[in-house]
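Asks: Submitted below is the structure of interest, expressed as structure tokens.
Protein chains: 2
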Amino acid sequence: MSSIHIDTNSSGPHKASVTDFIGKNPIFVCVTSYTETSQIPGITIAGADPQLIPCTPAADAEFLYYGQCKSISGVPATPDGIPTPALITRAALLRSQIPILIVDAGSKIKPQLPAISFGIKYGRDIRNQRALERADAQRAFEFGKMIGIQLAMSNDILIIGESIPGGTTTALAVLTALGIDAKNKISSSMSVNPHELKNEVVSSAMRGLEDHILQLRNDPIDLVSRIGDPMIPSVAGIASGAISQKTRVMLAGGTQMTAVLCLLKAMKIPLDGICIGTTSYVKNDKSSDILKLVRSISETVPILSVELGLEFSRKQGLRMYNSGIAKEGVGAGGAAITSILKSKGNLDSTSLLHSIEIEYEISIESQRVGSL
Amino acid sequence: MSSIHIDTNSSGPHKASVTDFIGKNPIFVCVTSYTETSQIPGITIAGADPQLIPCTPAADAEFLYYGQCKSISGVPATPDGIPTPALITRAALLRSQIPILIVDAGSKIKPQLPAISFGIKYGRDIRNQRALERADAQRAFEFGKMIGIQLAMSNDILIIGESIPGGTTTALAVLTALGIDAKNKISSSMSVNPHELKNEVVSSAMRGLEDHILQLRNDPIDLVSRIGDPMIPSVAGIASGAISQKTRVMLAGGTQMTAVLCLLKAMKIPLDGICIGTTSYVKNDKSSDILKLVRSISETVPILSVELGLEFSRKQGLRMYNSGIAKEGVGAGGAAITSILKSKGNLDSTSLLHSIEIEYEISIESQRVGSL
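For the record, the sequence lines run as chains A and B. Note that this note's numbering numbers the first sequence so that position 263 is 1197, with each residue one more than the last. Note that this note's numbering numbers the second sequence so that position 142 is 1076, with each residue one more than the last.
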């Protein structure tokens, strides 16, 4: 387990450790959502063909289940051919027999698989409109909570990942509106993080809200419905349901998940039992700062990160993860951590890398890479 | 556990016993579907107001989650005021902390809760049209199998119930088409079982199929898509996925579930690990014969039945279950059996009856009974 690191400020007899998050019976939940904010040119790596961006969440979810996509041909990949991190997630979950549940919370394109539907609309471009109907944000949280409570009866840890293009920008907006200094700390799937563009988008979105921002912070669901995306209240709801039943939660993702943490805190939901699970590529990213972000929200929420060692891979498409592209997504880091922890020593990151490479051979090298 | 009986033909060292179906970690799955066959006057007890029949599955599912309905006012009930068996299911699941998952497989009205959507259309009136597109029946089975496989990783037994008005008639049609002599053996939620009407409907549905019935039996998904309903292939799929992972399955329902068994057998899926779980009101029903039906499909599939003792209830609406109305539905019998078995002796049918009566007081006596 030496490939998994933990950052926490907790101390004393209750000092958090990696072993706190070993699940005997974990389940991986992937929330697929969409925001029209992703259509802003330059905001997401999938920008090479904006028409395909709305398909990415469905394609990621399909990839998790089938090892191939149905909503697009090929698999989601960057213009350089770096495949979706769903590949890492799938390899990790398969390897340790961890079940998957897909939650469709405001997708634009529905995944072609049996998904739990929250029946809410996708998010709009936050620059010039309310992101979600307030009722949809409320429903996302409540339906999430219901599912979290049910899953907590069967499972001792919930790993919650996401697929929402453009989601780091809406996360930045929510963090900013909630009073967190998140500028230049949010990560990106691109090698050059477009901080300026993101800041501009958030400034536009904040315009008109600044006058009553303190009032808005007292109604965090309203706030997230104005300036967020459907993923944030959905994941927050699932997490809150699970921890209400004393089942642990790993928010599996990069800096986006700090917006979920921040929403939970604003709703006065205790964060005990929640951790962030991510990759070392996010944790060590010089163009963002997940540690500072988490610590500005909570002194104690642990951040687990895994060294996947993709830089040692025989596959170029995987080695690129270390050069600052993709980094994380679809819960890859959390899935890898959970897979390693569940195996109780039978699996380390070297053997997991081997599984990831096999998955790469099966699903990438033998298929045409999609044009995303 | 003396209130739970088992009928099985297995013998020797592997003789099935009630204790085989004790789940440490059970999950209850409720499949909601609709068939326009339910609109035939006199076919279902909900016939008092045909316009509300399509709402019953959604209302049942909502009742399970919330203890009240959202798609109708009040709760589903017979014209005499006998409430939906979902009341029994809810009380049993809550009592033993058994999680619920709703699968929307061809509902007409979508339940207002987070449900797994199979994305298929509801069934048509089998008298004069193909019930389902073949692709939808195939998808129901495949999506079911995918969910069954995932749930089997977390849960050691799956209890699968259903809510589909008119479903006993489509079950009769499927059994008949598959060569089972099911006439007058299928149960009904009504006190006087409308066997003649059901037989007429099935005769109409069979017209045109008889010439190539042997050929059809070699393609059971096609057969069920012509003459069945969306519930049957969906439940069969979920069951097949779970047993493929060696997780046991309890088909929680009355004679409808024999159509699921029969479909699985026709698809050459081994029935090991599957049982039927029902109420004594179905098992002892003089106007149907679940024992003979199951034995004409399988020598060994166990039938578990529970004596709920509703005849001893202080509530008239519950006592009526013993006079041949409602009897079973929404997995009530299987949920009660699982709840008792999971408690390992802490819960018997007397204390479960008490929980059911409390649920009755909360959800029926304090609310206006709906007009179904």
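We treat Cβ as the ideally placed atom computed from N, Cα and C, and that holds for glycine.
Count the other C-beta atoms from every protein chain shown that fall within 10 angstroms of the C-beta of leucine 1148 of chain B, then say buried if there are 16 or more, exposed otherwise.
Replies: What you label residue 1148 of chain B is simply residue 214 of the second sequence in a count that begins at 1. Exposed, because fewer than 16 other Cβ atoms sit within 10 Å of the Cβ of leucine 1148 of chain B.
Asks: With a threshold of 7 Å on Cβ separation, who are the neighbours of glycine 1188 of chain A within its own chain once the five nearest residues in sequence on each side are excluded?
Replies: Translated into the one-based positions of the first sequence, residue 1188 of chain A becomes position 254. Ser1121, Thr1212, Val1216, Ile1224, Lys1261 and Glu1262.
Asks: Are there three or more Cβ pairs, one per stretch, closer than 8 Å when the segment 1143-1157 of chain B is compared with the segment 1067-1074 of chain B?
Replies: Touching, yes.
Asks: What is the C-beta distance between leucine 1027 of chain B and alanine 1269 of chain B, in whole angstroms, given that I count them as a contact (C-beta under 8 Å)?
Replies: Residue 1027 of chain B sits at position 93 when you count from the first residue of the second sequence. Residue 1269 of chain B sits at position 335 when you count from the first residue of the second sequence. Leucine 1027 of chain B to alanine 1269 of chain B, Cβ: 5 Å. Contact.
Asks: Specify the secondary structure class of glutamate 1241 of chain A as computed by DSSP and reduced to three states.
Replies: Here residue 1241 of chain A refers to the residue found at position 307 of the first sequence. Here glutamate 1241 of chain A sits in coil by DSSP.
Asks: Give every residue of the same chain whose Cβ lies closer than 7 Å to the Cβ of glycine 981 of chain B, excluding the five residues on either side of it in the sequence, and list them in chain order.
Replies: Along the second sequence, read from residue 1 onward, the residue named residue 981 of chain B stands at position 47. Its pLDDT being 46, under 50, glycine 981 of chain B is placed unreliably in this model, and the coordinates cannot settle the point.
Asks: Cα separation between leucine 986 of chain B and threonine 966 of chain B?
Replies: In the second sequence, the residue the question calls residue 986 of chain B occupies position 52. In the second sequence, the residue the question calls residue 966 of chain B occupies position 32. Their backbone Cα atoms lie some 15 Å apart in a straight line.
Asks: Report buried or exposed for arginine 1141 of chain A, applying the criterion of at least 16 other Cβ atoms within 10 angstroms of its Cβ.
Replies: Sequence index remark: in the first sequence, residue 1141 of chain A carries index 207 (1-based). Classification of arginine 1141 of chain A: exposed, given that the 10 Å Cβ count is below 16.
Asks: Taking C-beta to C-beta, are tyrosine 1096 of chain A and cysteine 964 of chain A nearer than 8 Å?
Replies: Indexing the first sequence from 1 puts residue 1096 of chain A at position 162. Indexing the first sequence from 1 puts residue 964 of chain A at position 30. Note on identity: in this sequence residue 1096 of chain A is glutamate, with tyrosine being the wrong assignment. A contact, by the Cβ cut-off of 8 Å.
Asks: Considering only the alpha carbon of each residue, which of B:His1129, B:Ala1107 and B:Arg1182 lies closest to alanine 1139 of chain B?
Replies: Locating residue 1139 of chain B in the second sequence gives position 205, where the first residue counts as 1. Measuring from the Cα of alanine 1139 of chain B, the nearest candidate turns out to be B:Ala1107.
Asks: Got a sec? Which residues, its chain only, sit under 8 Å from asparagine 1256 of chain B by beta carbon, not counting five neighbours each side?
Replies: By 1-based counting over the second sequence, the position of residue 1256 of chain B is 322. Tyr1215, Leu1244 and Glu1245.
Asks: Look at the alpha carbon of glycine 1040 of chain B and the alpha carbon of glutamate 1144 of chain B, and state the distance between them as a whole number of angstroms.
Replies: One-based indexing of the second sequence puts residue 1040 of chain B at position 106. One-based indexing of the second sequence puts residue 1144 of chain B at position 210. One C-alpha to the other measures close to 27 Å.
Asks: Near serine 1232 of chain B, which residues of its chain fall below 8 Å by C-beta distance, leaving aside the five closest residues on each side in sequence?
Replies: Here residue 1232 of chain B refers to the residue found at position 298 when the second sequence is read from its first residue. The answer, listed in chain order, is Leu1195, Lys1199 and Leu1205.
Asks: What residue range does the beta strand (DSSP E) around proline 1017 of chain B cover?
Replies: For this step, residue 1017 of chain B is matched to residue 83 along the second sequence. Premise fails: proline 1017 of chain B is in no beta strand (DSSP E) and is neither H nor E.
Asks: When you compare the CB of alanine 995 of chain A with every CB in chain D, is at least one pair closer than 8 Å?
Replies: The chain labelled as chain D is not found among the protein chains of the depicted structure, namely A and B.
Asks: Report the three-state DSSP secondary structure of glycine 981 of chain B (helix, strand or coil).
Replies: The sequence position of residue 981 of chain B within the second sequence is 47, counting from 1. Reliability fails at glycine 981 of chain B, whose pLDDT of 46 lies under 50, so the model's placement of it is uncertain and no value is given.
Asks: Are any of the Cβ atoms in chain A nearer than 8 Å to that of glycine 981 of chain B?
Replies: The sequence position of residue 981 of chain B within the second sequence is 47, counting from 1. Annotation note: pLDDT 46 at glycine 981 of chain B (below 50); position unreliable, coordinate value reported separately. Closer than 8 Å: no.
Asks: Which runs of the beta strand (DSSP E) fall wholly inside the segment 1122-1203 of chain A and span at least 3 residues, in chain order?
Replies: List check, beta strand (DSSP E) in window: 1182-1186.
Asks: Can you tell me which residues form a DSSP beta bridge with leucine 1035 of chain A?
Replies: Position 101 of the first sequence, counting from 1, holds the residue named residue 1035 of chain A. Answer by DSSP bridge pairing, in chain order: A:Val963.
Asks: Going along the chain, which unbroken runs of the beta strand (DSSP E) with 3 or more residues stay wholly within the segment 1205-1256 of chain B?
Replies: Those beta strand (DSSP E) runs which fall completely within the segment 1205-1256 of chain B and span 3+ residues are 1208-1213 and 1237-1240.
Asks: What are the residues in the segment 1082-1105 of chain B lying within 9 Å of chain A by C-beta distance?
Replies: So the close ones are Ile1083, Gln1084, Leu1085, Ala1086, Met1087, Ser1088 and Asn1089.
Asks: Tell me, please, which residues DSSP counts as bridged to serine 1097 of chain B.
Replies: The residue given as residue 1097 of chain B occupies position 163 in the second sequence. Partner(s): B:Thr966.
Asks: If we call anything under 8 Å between Cβ atoms a contact, is lysine 1042 of chain A one with tyrosine 968 of chain A?
Replies: Counted from its first residue, the first sequence places residue 1042 of chain A at position 108. Counted from its first residue, the first sequence places residue 968 of chain A at position 34. Taking 8 Å as the Cβ cut-off, lysine 1042 of chain A and tyrosine 968 of chain A qualify as a contacting pair.
Asks: In chain order, what residues of the segment 1266-1284 of chain A put their CB closer than 7 Å to some CB of chain B?
Replies: Answer set for the segment 1266-1284 of chain A: empty.
Asks: Mapping the DSSP letters down to three states, classify aspartate 1070 of chain A as helix, strand or coil.
Replies: As a first step, residue 1070 of chain A must be located in the first sequence, where it is residue number 136. Of the three classes helix, strand and coil, the one that applies to aspartate 1070 of chain A here is helix, per DSSP.
Asks: Quick one: does phenylalanine 1246 of chain A have its CB under 8 Å from some CB of chain B?
Replies: Taking the first residue of the first sequence as position 1, residue 1246 of chain A is located at position 312. Output row for phenylalanine 1246 of chain A: interface = no.
Asks: Closest by CA to glycine 1057 of chain B, which one among B:Ile1098, B:Ala1049, B:Thr1018 and B:Ile1093?
Replies: Here residue 1057 of chain B refers to the residue found at position 123 of the second sequence. Residue B:Ile1098 is the option with its Cα nearest to glycine 1057 of chain B.
Asks: For isoleucine 1298 of chain B, name the three-state secondary structure that DSSP assigns.
Replies: Looking up residue 1298 of chain B in the second sequence gives position 364. Residue state, collapsed to three classes: helix.
Asks: Using the beta-carbon of each residue, which ones in chain B are nearer than 7 Å to methionine 1165 of chain A?
Replies: Numbered from its first residue, the first sequence carries residue 1165 of chain A at position 231. Under the 7 Å cutoff, chain B gives no residues; its nearest Cβ is about 15 Å from methionine 1165 of chain A.
Asks: Roughly how far, in whole angstroms, is the beta-carbon of isoleucine 1271 of chain A from the beta-carbon of leucine 1185 of chain A, given that I think they are within contact range, below 8 Å?
Replies: As a position in the first sequence, residue 1271 of chain A is number 337, starting the count at 1. As a position in the first sequence, residue 1185 of chain A is number 251, starting the count at 1. Not really, about 12 Å apart at Cβ, beyond 8 Å.
Asks: Could you say which of B:Thr990, B:Glu1130, B:Leu998 and B:Ile1022 lies nearest to isoleucine 1274 of chain B if we only look at CA atoms?
Replies: Mapped onto the second sequence, residue 1274 of chain B falls at position 340. Among B:Thr990, B:Glu1130, B:Leu998 and B:Ile1022, the Cα nearest to that of isoleucine 1274 of chain B is on B:Ile1022.
Asks: Does any residue of chain B have a CB that is nearer than 8 Å to the CB of phenylalanine 1052 of chain A?
Replies: Numbered from its first residue, the first sequence carries residue 1052 of chain A at position 118. So, interface residue.
Asks: If distances are taken between C-alpha atoms only, which option among A:Glu1130, A:Ser1125, A:Val1126 and A:Gly1078 comes closest to lysine 1117 of chain A?
Replies: Your numbering for residue 1117 of chain A matches position 183 in the first sequence. Here the closest residue by C-alpha is A:Glu1130.
Asks: What is the residue span of the beta strand (DSSP E) that alanine 1049 of chain A lies within?
Replies: Residue 1049 of chain A sits at position 115 when you count from the first residue of the first sequence. Run containing alanine 1049 of chain A: 1049-1051, per the beta strand (DSSP E) assignment.
Asks: Taking asparagine 959 of chain A as the reference, which of A:Ala1105, A:Ser1222, A:Leu1085 and A:Val1136 has the closest Cα?
Replies: On the first sequence, residue 959 of chain A is found 25 positions in, with the first residue counted as 1. Residue A:Leu1085 is the option with its Cα nearest to asparagine 959 of chain A.
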